[in-house]
Amino acid sequence: MTSAIPLREKLERISPTEGKEQVIVQHFAIPLLHELGFGDLEIRPEFETGCGEVDFAARKNTQHTDIFFNSRKNPYLLLEVKSRTVNLSEGSAACRDAVDQIKRYLLGEHCKSARWGIITNANYIQLWRRHGKVVHPVTANLAINLDNIENIVHDLRNKIENYERALTICVYNNKGGVGKTTTVINLAGALASKRKKVLAVDFDSQGDLTRSLGATPGKVTLTQCLKDPRIDVHTIVQTYRLKTPKGIVSVFNLIPRDSELEKLTDSENAAYIQKGTKRLRDLLAPLRREYDYILIDCPTQWLYFSQSGLFAADVVLIPTRPDDLSSLNNAVRVITKFVPETAKSRHDGGPIALPIFFNGVSSGSQHTIQLANEEIRKFINQEENVCLVSYFWPRFKKGNEDKSIFKIPDYTVISSATFARIPAVFKYKKVLEYYQSLAGEYFIDE
Ligand SMILES: Nc1ncnc2c1ncn2[C@@H]1O[C@H](COP(=O)(O)OP(=O)(O)OP(=O)(O)O)[C@@H](O)[C@H]1O
Ligand SMILES: [Mg+2]
0 MTSAIPLREK LERISPTEGK EQVIVQHFAI PLLHELGFGD LEIRPEFETG CGEVDFAARK
60 NTQHTDIFFN SRKNPYLLLE VKSRTVNLSE GSAACRDAVD QIKRYLLGEH CKSARWGIIT
120 NANYIQLWRR HGKVVHPVTA NLAINLDNIE NIVHDLRNKI ENYERALTIC VYNNKGGVGK
180 TTTVINLAGA LASKRKKVLA VDFDSQGDLT RSLGATPGKV TLTQCLKDPR IDVHTIVQTY
240 RLKTPKGIVS VFNLIPRDSE LEKLTDSENA AYIQKGTKRL RDLLAPLRRE YDYILIDCPT
300 QWLYFSQSGL FAADVVLIPT RPDDLSSLNN AVRVITKFVP ETAKSRHDGG PIALPIFFNG
360 VSSGSQHTIQ LANEEIRKFI NQEENVCLVS YFWPRFKKGN EDKSIFKIPD YTVISSATFA
420 RIPAVFKYKK VLEYYQSLAG EYFIDE
């Protein structure tokens, strides 16, 4: 039964150096699950995720014949508990291990329905969200004390009960011409082809995305919307339609760039935008409930537009080129500098960088890829603060030094399709397959 004793009082009774995980389970973890709205029959200890046993899984029972405790089917939330002697502070080795653990569990084959993961030892707590193949933080790794525990739990419950539908992806590398816009357009098309509801946002004043789709801004523009929070964001959302043998079909939605957008980079105009680089995130907030994916295209320079794109994103997808050392070097800067810098000002643990991918790989480029991997090895060895391995070689493990990196081939029709104002994925079956496999590698869990 749900305990009448408030969590704060339970927490007060646990020794600051409590070494037994079982004590944290009894006096903190189970009461926490109760406070998050789960009853005893909605909580299952020692749940087999398909990728190891998590301490608890939970889900609301939908009817009296569907008791999660008995059925163990379709978990919604996973909770991994540690003792207080485990140092779960941000950046510690134990914290990194616990994060890997909850990610693994959330992606376990018995957890397809799981949306949330919590790691705690009653000193620290962090909430993670699963969206398709992506697991990303939705709170910082929070230090718990008697004064903040009630607010923390209230906030976690709020987030869990108001699951946002969209994963917001910013496609960014501060090296130009690596295929950011091409990726946004074709990934949007590939995700749409998998029946996902997609919005592409052109947040680059060059307007390459808008031009490639043959779009023009409507009466109300993105710039006006950024300046005036009273304008409903839906007024600037357009539909990209495609002529097919069966007639004209809506494919995905977009927010086009307008010619006034570039003026926002000068300081006088920038002053009109309340909250500066934080404004785009607020502007997109209502849309996060309506789409499966929101893709943001940004320019190269680490200035207003790109800073806004990263601030608005859950994850950052980084295109690089194996034949361009500078694109690899800049990917390292995104991972070690721009993403952490943004996360520092966000206070919710996000955004996070996804593993890089190679765009525009020509056939017979084995030697180039080998050279790129040698450079990557140097970056990994030189970097002191961030372990770069998983960002470059996500399959690399002790005993299995797999250095494979996802590739989109260099294919002339990918660029020529823009002249027809049609994403290449809708003109060429082969290109659709490439980008569907990009979607499958990073995002869609099928
Ligand atoms: N896989 C590919 N195969 C062939 N051409 C490609 C591929 N990816 C991108 N291109 C072409 O490379 C050029 C640069 O791509 P794109 O404009 O997408 O890069 P970007 O990173 O958005 O550039 P910018 O920094 O100017 O915004 C374009 O002409 C595009 O059509
Ligand atoms: Mg571009």
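For the sequence shown, numbering that gives the first Met the number 0 assigns the number 0 to the initial residue and increments by one for each residue that follows.
Ideal Cβ positions, reconstructed from N, Cα and C, are used throughout, including at glycine.
Since this is a predicted model, take the numbers as computed values, not measurements.
Cβ shell of residue i (< 7 Å), same chain only, five flanking positions each side left out
i: SER82; result: GLU17, GLY18, LYS19, GLU20, ILE23 and ASN120
i: TYR303; result: LEU263, THR264, ALA269 and THR276
i: ILE375; result: LEU327 and PHE391
i: TRP301; result: ASN173 and PHE337
i: LYS195; result: ASP291 and TYR292
i: ALA371; result: PRO321 and LEU327
i: ASN73; result: ARG58 and SER112
i: GLY439; result: GLU445
i: ASN86; result: ALA93
i: GLY175; result: THR299
i: ALA416; result: PRO422, ALA423 and LYS426
Rounded Cβ spacing between residue i and residue j (contact assumed at less than 8 Å)
i: PHE251; j: VAL333; result: That belief does not hold up - the Cβ atoms of PHE251 and VAL333 are roughly 25 Å apart, past 8 Å.
i: GLN452; j: GLY348; result: Residue 452 is absent from the structure shown; the chain starts at 0 and stops at 445.
i: ARG71; j: PHE55; result: About 12 Å separates the two Cβ atoms, so there is no contact after all.
i: HIS135; j: ASP313; result: 5 Å
i: VAL201; j: LEU253; result: The residue you asked about is not Val; residue 201 is Asp in the sequence shown. That pair is a contact at about 7 Å.
i: SER211; j: ARG420; result: 7 Å
Whole-angstrom distance between residue j and residue i, CA atom to CA atom
i: GLY49; j: HIS26; result: 28 Å
i: ILE355; j: THR180; result: 16 Å
i: MET0; j: GLY107; result: Because the pLDDT at MET0 is just 47, under 50, the model does not fix this residue reliably, and the value given afterwards should be weighed accordingly. Using only the alpha carbons, I get a separation of about 29 Å.
i: LEU40; j: ALA139; result: 30 Å
i: HIS109; j: LYS193; result: 23 Å
i: LYS9; j: ASN144; result: 12 Å
i: SER204; j: ASP231; result: 21 Å
i: LYS226; j: LEU282; result: 10 Å
i: ILE4; j: THR341; result: 39 Å
i: LYS245; j: LYS426; result: 15 Å
i: GLU163; j: PRO44; result: 27 Å
i: ASP444; j: VAL133; result: 9 Å
i: LEU155; j: GLY363; result: 50 Å
i: THR209; j: THR215; result: 7 Å
i: ILE168; j: GLN273; result: 23 Å
i: LEU141; j: PRO350; result: 16 Å
i: ARG256; j: ASN399; result: 45 Å
i: SER403; j: GLU261; result: 39 Å
i: GLY90; j: ILE117; result: 17 Å
i: ASP409; j: PRO339; result: 31 Å
i: ARG58; j: ARG288; result: 21 Å
i: ASN60; j: LEU166; result: 27 Å
i: THR112; j: GLN381; result: A quick correction: the sequence has Ser, not Thr, at residue 112. Distance between the alpha carbons of SER112 and GLN381 is about 40 Å.
i: THR222; j: ILE235; result: 10 Å
i: LEU316; j: VAL177; result: 12 Å
Boundaries (first-last residue) of the beta strand (DSSP E) holding residue i
i: ARG129; result: 123–130
i: LYS406; result: 406–408
i: HIS135; result: 133–136
Residue i, enclosing alpha helix (DSSP H) - first and last residue
i: ARG210; result: 207–211
i: ILE117; result: No alpha helix (DSSP H) holds ILE117; the beta strand (DSSP E) holding it covers 115–119.
i: THR180; result: 179–192
i: SER326; result: 324–332
i: ASN157; result: 148–160
i: THR299; result: Looking at the DSSP string, THR299 is not in any alpha helix (DSSP H), and its letter there is neither H nor E.
i: LEU260; result: Neither: LEU260 is in no alpha helix (DSSP H) and is coded neither H nor E.
i: VAL98; result: 92–105
i: ASN69; result: 67–70
Beta-carbon proximity list for residue i, same chain, < 6 Å, skipping 5 on both sides
i: THR182; result: VAL170 and PRO318
i: LEU279; result: SER307 and ALA311
i: VAL424; result: ASN185, GLY188, ALA189, VAL430, LEU431 and TYR434
i: PRO422; result: ILE184, ASN185 and GLY188
i: LEU76; result: ALA57 and TRP115
i: ILE29; result: none
Residues near residue i by beta carbon distance below 8 Å, same chain, minus five either side
i: THR64; result: none
i: PHE378; result: LEU327, ASN328, VAL331, LEU387 and PHE391
i: GLY51; result: GLN100, ARG103, TYR104 and GLY107
i: GLU11; result: LEU145
Beta bridge counterpart(s) of residue i as assigned by DSSP
i: ALA28; result: Per DSSP, none; premise fails for ALA28.
i: ASN358; result: ILE407
i: GLN237; result: LEU253
i: ILE351; result: VAL314
i: ILE293; result: THR167 and LEU198
i: PHE55; result: PRO44 and LEU78
i: GLY246; result: THR243
i: THR319; result: PHE357
i: ALA371; result: Note: ALA371 sits in no beta bridge, so no partner.
i: LEU141; result: ILE124
i: LYS396; result: ASN399
CB contact below 8 Å: residue i versus chain C
i: GLN435; result: The chain labelled as chain C is not found in the depicted structure, where only one protein chain is given.
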